[in-house]
Structure formats: structure tokens, C-alpha cells
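Structure first, then comments.
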Amino acid sequence: MANRFILNPVSFHGNGAIKEIPGIAQKEGFKKVFVASDPDLVKFGITAKVTALLDEAGIAYTVYSDIKPNPTIANVQNGVKAFKEAGADSIIAIGGGSSMDTAKAIGVIITNPEFEDVRSLEGVAPTKNHAVTTIAVPTTAGTAAEVTINYVITDVEKERKFVCVDEHDIPKYAVVDPDMMSSMPKGLTASTGMDALTHAIEGYTTKGAWELSDMFHYEAIRLISKNLRSAVANETEGREGMALGQYIAGMGFSNVGLGIDHAMAHTLSAHYDTPHGVACAMFLPITMEFNRDYCGERYREIARAMGVEGVDSMTKEAYTDAAIAAVRQLSEDVGIPKKNEKIREEDLDQLAQDALNDACYPGNPREATKEQVIAMFRQLM
483 MANRFILNPV SFHGNGAIKE IPGIAQKEGF KKVFVASDPD LVKFGITAKV TALLDEAGIA
543 YTVYSDIKPN PTIANVQNGV KAFKEAGADS IIAIGGGSSM DTAKAIGVII TNPEFEDVRS
603 LEGVAPTKNH AVTTIAVPTT AGTAAEVTIN YVITDVEKER KFVCVDEHDI PKYAVVDPDM
663 MSSMPKGLTA STGMDALTHA IEGYTTKGAW ELSDMFHYEA IRLISKNLRS AVANETEGRE
723 GMALGQYIAG MGFSNVGLGI DHAMAHTLSA HYDTPHGVAC AMFLPITMEF NRDYCGERYR
783 EIARAMGVEG VDSMTKEAYT DAAIAAVRQL SEDVGIPKKN EKIREEDLDQ LAQDALNDAC
843 YPGNPREATK EQVIAMFRQL M
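Counting from 1 along the sequence shown, just add 482 to a position and that's the residue number in the working numbering.
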């Protein structure tokens with residue numbers, strides 16, 4: 483079987499990279515840009531860093547900010563309507579995973595209107611046309627949505643998140659500018675950074691992992707482990723390292739999948755609106771423990787990438803323990819909570835079933851029973 487790899491056609495990296503945006507827009511012949519950005523970024527002037535450049539270049543645009551932290555079907559449908567009413571022909575997505583995911587769904591529906599119900603995009607939808615030409619500008623170092631072919635939408639009515647995997651949704655341009663991430667508060671930096679680490683570790687241990695994806699995931703683990711504490715302290719070097727590390731993780735996991743951590747995290751967010759990165763981080767050492775006997779020597783390389791010394795002289799049990807301990811320590815150092823008080827005993831059966839039905843679960847290296855998933859949820863109570 484052939485292994486497929488899909489990446490952005492073009493990406494720009496480094497401080498000041500957003501200055502490339504007007505030139506991209508002019509080269510592409512954009513007439514009216516649909517700027518998708520969440521309301522807090524608009525409120526605090528982060529979105530304006532990009533729109534000011536559009537103003538200077540005389541490029542018309544409209545701003546859409548009806549976007550929730552866990553974007554809903556309604557956010558997408560309202561966005562499709564707003565895009566049409568604005569007479570837009572292109573998208574600039576500014577933000578974290580929420581803005582990116584909303585923009586991806588809007589862009590796909592505009593060119594594939596038969597999916598306007600949004601729910602039909604779940605899984606691997608048979609779209610025929612590539613999404614509207616999109617420039618993705620991340621403001622968090624975590625989701626890597628700017629380089630992935632995945633997006634996640636919340637179905638409020640059914641209290642669930644659904645994952646969409648579509649090669650037609652990847653942004654044509656990614657503009658990864660650490661300056662756009664410098665205003666992130668510590669808590670958001672920590673949670674999105676741990677989300678990126680989860681991407682890298684799950685991508686490194688998923689059933690679909692292979693040499694090309696391993697190259698990206700190992701380096702991502704190394705960069706994130708080295709730079710996340712510094713980024714939380716809002717140090718320039720740490721921000722730059724995380725901007726690159728999270729993008730590299732996205733290059734890998736987008737093409738090989740994830741695992742049970744993300745399946746459970748999606749479920750936790752859908753039921754209790756827990757921030758996605760926090761959910762991923764809380765589950766990471768728990769799911770690593772669950773998978774410990776199913777990953778061969780990969781935990782040794784995870785430990786090595788996280789800076790553990792002497793791994794080559796360790797037993798398998800020792801380097802596995804060391805890898806999990808390194809993850810726990812990093813999570814603790816950046817202030818991730820260990821418990822979620824919202825989880826209720828009466829919800830556990832449904833939480834476990836939803837996790838097992840999640841699109842990320844099949845990539846996990848170990849099969850799980852409902853009882854085992856319930857036990858992992860219970861560890862957060």
C-alpha cells in the first residue's frame with residue numbers, strides 16, 4: 483500500500499512573515515477577502531495586525547468572528563452565509579484551531595455546496611473541489627491546523643464533536659509568524675503547546691506511522707520539549723521554537739493519524755466544553771501508560787527527544803517509565819491541571835462510547851474495551 487503525504491503548497495516562517503500576505507493576495511488576484519478570526523483576537527487587536535496590511539495594500543475584506551472556542555455547525559453555516567453576502571472570493575484564517583477549522587469548513591462548502599448541512603462532512607467526505615483559496619495565519623503554537631487536512635466541528639444538538647478529513651481543505655498558504663503568537667496568555671500557550679506534543683507523540687506511535695512521518699514527529703517532540711517552558715514564560719526563543727515545532731508535528735500527524743488520546747479529548751470537550759489542549763494534556767500520560775507495551779522501542783526515542791539521558795543503557799520498562807515521567811513533568815511545569823471536576827459517574831458510559839466512535843481512535847496502537855476507556859476517564863475524576 484502506498485503512503486500518501488499532503489502538505490501546504492507554500493509556507494512562510496519567521497518573525498514578520500505576515501508581511502508576505504499582501505503580495506500573496508495580489509498574486510492570487512483576490513478581490514474581496516473573507517477574514518475569519520475569533521472575537522477575542524478581533525477585540526484585542528491581533529486580527530488588525532493582518533487587516534492593517536490589507537488596508538495599506540488597498541485589498542478589500544470583511545471580518546467574520548462568529549466563532550466559538552469549539553466551533554459549531556451554526557458557526558460554519560453562518561459563515562457560509564456571510565461569505566456569500568460579502569461577495570468574497572478568498573479566505574484569510576487568523577487564530578488557533580477554532581478559526582482555522584471554521585474557515586476550512588466554510589471554504590469547502592462554498593466550493594462543494596451539497597455539503598452545506600455540515601454533518602455530511604464527517605469522516606472522509608467525497609468532496610470534488612478544493613476549498614476556496616485560503617491563507618492560514620496561526621496565533622497559537624499548537625493545533626497546526628494551518629498544515630493539516632483535518633478539522634473538527636461540534637454538534638451541539640448531539641453533544642459530540644466530529645472529525646473531518648479532506649485533502650481539499652488544506653490551506654494553500656501557511657504563514658507561521660511567531661510575532662502573531664506573542665500575546666497568548668500563559669494558560670493558552672501551555673495548553674496549545676501540550677496539544678502539539680500530543681500530536682507529535684500520538685503521530686509517532688499511531689498504527690500509520692512510517693519513516694517519513696517519524697522524521698517530523700521526532701523533531702517535533704524535541705523542539706516542543708525544549709521550548710514549551712520558555713514559550714510559557716513568553717521568551718522570544720521559546721515562542722519561535724514552538725511555532726516551528728507545532729507546525730512540524732502537523733506535517734506528520736495530518737498524514738498518518740492520531741489515537742485514543744485525541745478521541746477521548748474530543749469527547750471531553752464536546753460534553754463539558756473543556757479546552758481541547760487541556761483535555762489532550764491531561765490524557766497524555768494516561769494514554770501513554772495504556773499503550774506502553776504496544777509501541778516497541780518508540781518510547782525510548784520519545785524519552786531521548788525529551789532530553790532523558792542514558793536511554794540506551796535502560797531496560798524497556800525503565801525508558802518507558804522515563805518517557806511517561808518526562809511528559810508528566812512538562813505538563814506539571816506549565817500548569818496543566820490533573821483533574822476535571824465536571825466528569826460525572828453517570829456520564830462515563832456515554833463518554834467511553836463516544837471516544838470509541840471517534841475518527842481518531844482507530845489509529846491507536848492498542849485496541850481498547852469500553853471498560854478500559856471508562857477507567858481512563860475515571861482517572862481524571
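C-beta: ideal position from N, C-alpha, C; glycine also.
Classification of residue i by the beta-carbon crowding that lies within 10 angstroms, buried from 16 upward
{"i": "Lys654", "result": "buried"}
{"i": "Arg601", "result": "exposed"}
{"i": "Phe487", "result": "exposed"}
{"i": "Val492", "result": "exposed"}
{"i": "Tyr776", "result": "exposed"}
{"i": "Thr554", "result": "buried"}
{"i": "Gly606", "result": "Looking at the sequence provided, one finds Val at residue 606 rather than Gly. That one is exposed."}
{"i": "Pro667", "result": "exposed"}
{"i": "Lys643", "result": "buried"}
Residue range of the unbroken beta strand (DSSP E) whose run includes residue i
{"i": "Asp648", "result": "It is not in any beta strand (DSSP E) - Asp648 carries neither H nor E in the DSSP assignment."}
{"i": "Pro767", "result": "First-last for Pro767: 758-773, but that is the alpha helix (DSSP H), not the beta strand (DSSP E)."}
{"i": "Ser493", "result": "492-495"}
{"i": "Thr544", "result": "542-546"}
{"i": "Tyr655", "result": "655-658"}
Any non-hydrogen atom of the ligand ADP within 7 Å of residue i CB
{"i": "Leu710", "result": "No copy of the ligand ADP occurs in the structure displayed, which carries no ligand at all."}
Paired residues, beta bridge with residue i - DSSP
{"i": "Thr616", "result": "Ile573"}
{"i": "Ile635", "result": "Phe644"}
{"i": "Thr554", "result": "Thr636"}
{"i": "Gly605", "result": "Cys646"}
Sub-8 Å separation of residue i and residue j beta-carbons
{"i": "Asn497", "j": "Asp659", "result": "yes"}
{"i": "Asn552", "j": "Thr636", "result": "yes"}
{"i": "Val855", "j": "Ala841", "result": "no"}
{"i": "Pro767", "j": "Ile806", "result": "yes"}
{"i": "Asp627", "j": "Ala618", "result": "Looking at the sequence shown, residue 627 is not Asp but Ala. In contact: Ala627 and Ala618 (Cβ atoms closer than 8 Å)."}
{"i": "Gly732", "j": "His699", "result": "no"}
{"i": "Leu603", "j": "Ala585", "result": "no"}
{"i": "Tyr546", "j": "Ala530", "result": "no"}
C-alpha distance - residue i paired with residue j, whole-angstrom precision
{"i": "Pro847", "j": "Gln832", "result": "23 Å"}
{"i": "Glu799", "j": "Ser580", "result": "39 Å"}
{"i": "Arg774", "j": "Tyr729", "result": "26 Å"}
{"i": "Ile703", "j": "Asp548", "result": "34 Å"}
{"i": "Gly624", "j": "Val590", "result": "23 Å"}
{"i": "Glu756", "j": "Lys824", "result": "Residue identity check: residue 756 is Thr in the sequence provided, not Glu. Spanning the two alpha carbons is a distance of roughly 9 Å."}
{"i": "Ala539", "j": "Ile818", "result": "42 Å"}
{"i": "Met764", "j": "Ala534", "result": "38 Å"}
{"i": "Glu771", "j": "Asp696", "result": "20 Å"}
{"i": "Ala808", "j": "Asn709", "result": "14 Å"}
{"i": "Phe735", "j": "Glu684", "result": "8 Å"}
{"i": "Pro595", "j": "Leu523", "result": "29 Å"}
{"i": "Asp803", "j": "Asn485", "result": "32 Å"}
{"i": "Met788", "j": "Cys762", "result": "18 Å"}
Element boundaries [alpha helix (DSSP H), containing residue i]
{"i": "Ala673", "result": "Contrary to the premise, residue 673 reads as Ser rather than Ala in this sequence. That run of the alpha helix (DSSP H) goes 668-687."}
{"i": "Ser519", "result": "Segment 514-519 is the beta strand (DSSP E) holding Ser519; no alpha helix (DSSP H) there."}
{"i": "Glu628", "result": "Looking at the DSSP string, Glu628 is not in any alpha helix (DSSP H), and its letter there is neither H nor E."}
{"i": "Glu849", "result": "Taken as a continuous stretch (DSSP letters only), Glu849 belongs to no alpha helix (DSSP H), as it is neither H nor E."}
{"i": "Glu791", "result": "That residue, Glu791, is in no alpha helix (DSSP H); it is neither H nor E in DSSP."}
{"i": "Phe698", "result": "693-714"}
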